[in-house]
RNA sequence: GGACGCUUAGCUCAGCGGUAGAGCGCUACCUUCACACGGUAGAAGUCAUAGGUUCGAUUCCUAUAGCGUCCACCA
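Residue numbers (my numbering): 5 to 902.
Given below as structure tokens:
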């Protein structure tokens, strides 16, 4: 018997899903899901939880449907993030930054990785994610290293990778180049300064407006727009750069915007993307004035050397003022680029870097989606994908850090590059090239962008470059689940690199979920203090509740605003289910393998079978369409609103009828002998017994099917409850054999529901205490009212609080569907008030009828509307008219009383 | 500046050509022997605005407004 209290903690840790996760079914159709590898250093945040939960739902569902499922886990080395984090730990302790050698630092990071890598894996297990941990990989394990080197060399030899001196986004804090994608534009308060550039041998000057006066030392020209008549007379003249006294020309270039600033702009090719281009157009010098850490270098006057760029800015402004070269300064708001990891302002810088020719790789990647070989769900994300790929620029893949895949390139003494998979091979090539032994090769110091290896993850994990069985079995048959924020970083790169490396698309479906936000819709961040820790939530409400809640909120194309109360809702649902199973246990509803849902006779049983069957079908469809929210809604509705609210209430009075010769396992069997004639069933024997058995078996059956359908969403409680019911094997409910449709039985129960609801409503309206039983009788036009009332007298007694009588004096009638229910309210009825209520009801009915009539009288409607719709309208008209008639009848009868 | 998304009950969100839905909250009643993490009955919406298509529009189209996101923009 289940414990009275639903306490997820008491059983969740008892279940491990590792065995079923590692089970392979070679004969079955393969299906693969790739877990987006979390950072080694990380801990599970709520966004992971959403993504992994949705994947796990898919995976468990597919397993239940008989697929051979591979759910591949792994960890990402997360180059910059991890190195920054470990450095912070080390150097935060007083050690000076950079005091460790490359080898020493790498050793420290590996140690860190060994320690912290398990944290997130354990958290993933707590959440019940059933990936195959026996196959766990790391983006820097030996296989990955081999694959990455091979890929790099292949790309290089095919001309897709090249090394070039070029202006890139440089992060002075990290001391490395970063890719365009790692740049975040932020709007900040800033200042612009109007500076006088004196014309050579003249008192005249040009005012140049700049937000970056510290780059003044790198100026090589002042540009004005060719169409700007304010300055046209000055083009070709020279001005003097403050401090350095270098003479630079005034040039005409369309880059200068007449609307902005003074219309004259200083050109600093070494430190600005636009200026670099201007410089190229006008063959200007490039003067670098900063080092890798953002400090001014030896190309500036001595007092500024080694000064931090922001300090230098202040100093330059101060001295410009002293020199009376500063016209004025104004406060402005502008956007400037920051590094997404370091958070510092970026500095464009000209350096040697490695690039991937992403444009060439993108062509097949675009067509794969255009041709529908890969589809995004929801589809509109394809727009974003196309937009980005269609204007993709070279991808800078080299990073000047130490933690990552070292670039497999070696340099000879003369700078000759050998790109090979290993040092040995490079050495051989060097021997060939130089025609002699003993060449000293130096490996490139840089490592690769983390996303380079991430982009290869679908095939690295399957054993590429070896031609493995896994590769031919699972590759291209994957489903990827991800947030839209990494469509560029990850999805697009996997597609580009996957097609390049294997000739095939890596996956078919890309399911894009929303991002998880706090209840106000704001991004969760440590600094805002609005972070919801999924593990905390699991402890508080259970992992199932967290999973259920996330799934139920995963509506396509929308972010998820989550708070504790949302998870409570999920927990409450599971509590309800838990208690439903307790109810079943208490009433001896045990799963019976011999039970055949097609053989039941009771309309009540058929009714719930009908709804369970529909629910399971709906859940199947919802999952296939990635509508996790709909799937949970269907299960919720069936469990709570059909099974608990109605079916269980229906069967309570019937199961509680005591019966001679029956071993009744239920509790509270003794029904009050005076209770409205319930005891008359004591005269029955076999029929009641059979019905009771059917109802019990059906209850157990319904619960089992629903628990099975819930299993992908909430595996812990599902396992626990199946154990209680006595089922060990997890299966998907196979209801194809069930042939209960929306037949007479189901309609009868729907009618019963309406009768009960109407009587309850009436009683409540008249403020009749719940406990007070009223006599009731019924008239029906088409069917046998007496049989109906006899069949359900116990249900009506218990659920509606009425005692069925054959004839009633002094009754008031209500209309339910096609029937008139007479209720003996006795003195309690206020005929006048009741009449008013009915008149209101009549008014609404008449309105509804008129609306339908207008349509049915419209020839165009009859001509153009579909047949089904017309039939539907006619049926509705009939039923509404019937109701009006009945209501009229009741009003009339009230008038007699009144 | 370009693109996409959103706008439905007090709140959070489903729905989406043919009678407006859920959860929470609210009101009233109920500690009834599965469940107060509960039950019963209620109140509550011109489905952002304006046009258009249609026999019919909350649903499709166009424009507008507000909100959000991404991309581009360092004078």
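Think of the CB as a built atom: it goes at the ideal place given N, C-alpha and C, for glycine as much as any other residue.
If you're wondering where the values come from, they're calculated on a predicted model, not measured in any experiment.
So, are the CB atoms of residue i and residue j less than 7 Å apart?
i, j, result
"residue 464", "residue 346", "no"
"residue 217", "residue 297", "no"
"residue 333", "residue 197", "yes"
"residue 186", "residue 361", "no"
"residue 255", "residue 286", "yes"
"residue 224", "residue 266", "no"
"residue 827", "residue 819", "no"
"residue 181", "residue 228", "no"
"residue 365", "residue 199", "no"
"residue 722", "residue 715", "yes"
"residue 77", "residue 127", "no"
Using the beta-carbon count (16 or more within 10 Å), is residue i buried or exposed?
i, result
"residue 160", "buried"
"residue 67", "buried"
"residue 837", "exposed"
"residue 847", "exposed"
"residue 570", "buried"
"residue 532", "exposed"
"residue 750", "buried"
"residue 55", "buried"
"residue 794", "exposed"
"residue 204", "exposed"
"residue 873", "exposed"
"residue 843", "exposed"
"residue 536", "buried"
"residue 327", "exposed"
"residue 743", "exposed"
"residue 608", "buried"
"residue 724", "buried"
"residue 664", "Note on residue 664: pLDDT 39, under 50, position unreliable in the model; no value is reported."
"residue 675", "Its pLDDT being 36, under 50, residue 675 is placed unreliably in this model, and the value from its coordinates should be taken loosely. By the 10 Å Cβ count, residue 675 comes out buried."
"residue 830", "exposed"
Which one or two residues does DSSP pair with residue i in a beta bridge?
i, result
"residue 625", "Answer is none; residue 625 lacks a bridge partner."
"residue 339", "191"
"residue 819", "824"
"residue 356", "169"
"residue 76", "38"
"residue 252", "243"
"residue 713", "Per DSSP, none; premise fails for residue 713."
"residue 542", "Answer by DSSP bridge pairing: none, since residue 542 is not bridged."
"residue 403", "451"
"residue 334", "196"
"residue 410", "451"
"residue 105", "Note: residue 105 sits in no beta bridge, so no partner."
"residue 43", "80"
"residue 779", "807"
"residue 422", "414"
So does residue i have its beta carbon nearer than 6 Å to some heavy atom of the ligand GDP?
i, result
"residue 254", "No copy of the ligand GDP occurs in the structure displayed, which carries no ligand at all."
*Does the stretch 77-96 touch the stretch 503-523, meaning 3 or more C-beta pairs lie closer than 8 Å?*
no
*Three or more beta-carbon pairs under 8 Å between the stretch 773-780 and the stretch 790-808, yes or no?*
With the cut-off at 8 Å, the stretch 773-780 and the stretch 790-808 touch.
_the stretch 168-176 touching the stretch 349-361, judged by at least three CB pairs closer than 8 Å_ = yes
_Segments assigned alpha helix (DSSP H), at least 4 residues, entirely inside the stretch 133-210_ = 146-161
*Between the stretch 449-466 and the stretch 390-409, do at least 3 Cβ pairs fall closer than 8 Å?*
These segments touch.
*asked:* Assess contact between the stretch 801-816 and the stretch 765-779, defined as three or more Cβ pairs (one per stretch) separated by less than 8 Å. Is contact present?
replied: yes
*Segment contact, 8 Å Cβ cut-off, at least three pairs: the stretch 117-124 with the stretch 412-430*: Three or more Cβ pairs closer than 8 Å define a contact, and the stretch 117-124 falls short of that threshold against the stretch 412-430.
*asked:* Three or more C-beta pairs under 8 Å: does that hold for the stretch 19-30 against the stretch 585-600?
replied: Output reads no: the stretch 585-600 does not touch the stretch 19-30.
*Going along the chain, which unbroken runs of the beta strand (DSSP E) with 3 or more residues stay wholly within the stretch 461-492?*
482-487
*Should the stretch 521-540 be called in touch with the stretch 476-494, which here means at least 3 C-beta pairs below 8 Å?*
no
*Any contact of the stretch 51-63 with the stretch 95-102, i.e. 3+ C-beta pairs under 8 Å?*
no
*Return the chain-ordered ranges of every alpha helix (DSSP H) run that is complete within the stretch 256-303 and spans a minimum of 4 residues.*
277-285
*Does the count of Cβ pairs from the stretch 40-51 and the stretch 76-84 closer than 8 Å reach three?*
yes
*asked:* Quick check for students: name the residue ranges of the beta strand (DSSP E) that lie wholly in the stretch 489-530, counting only runs of 3 or more.
replied: 511-517
*asked:* For the structure I just gave you, are there three or more beta carbon pairs, one from the stretch 381-398 and one from the stretch 429-438, closer than 8 Å?
replied: no
*If you scan the stretch 47-100 from start to end, which runs of the beta strand (DSSP E) of 3 or more residues do you find wholly inside it?*
72-76
_Does the stretch 728-741 come into contact with the stretch 613-630, if we say contact requires no fewer than three beta-carbon pairs (one atom in each stretch) closer than 8 Å?_
Output reads yes: the stretch 613-630 touches the stretch 728-741.
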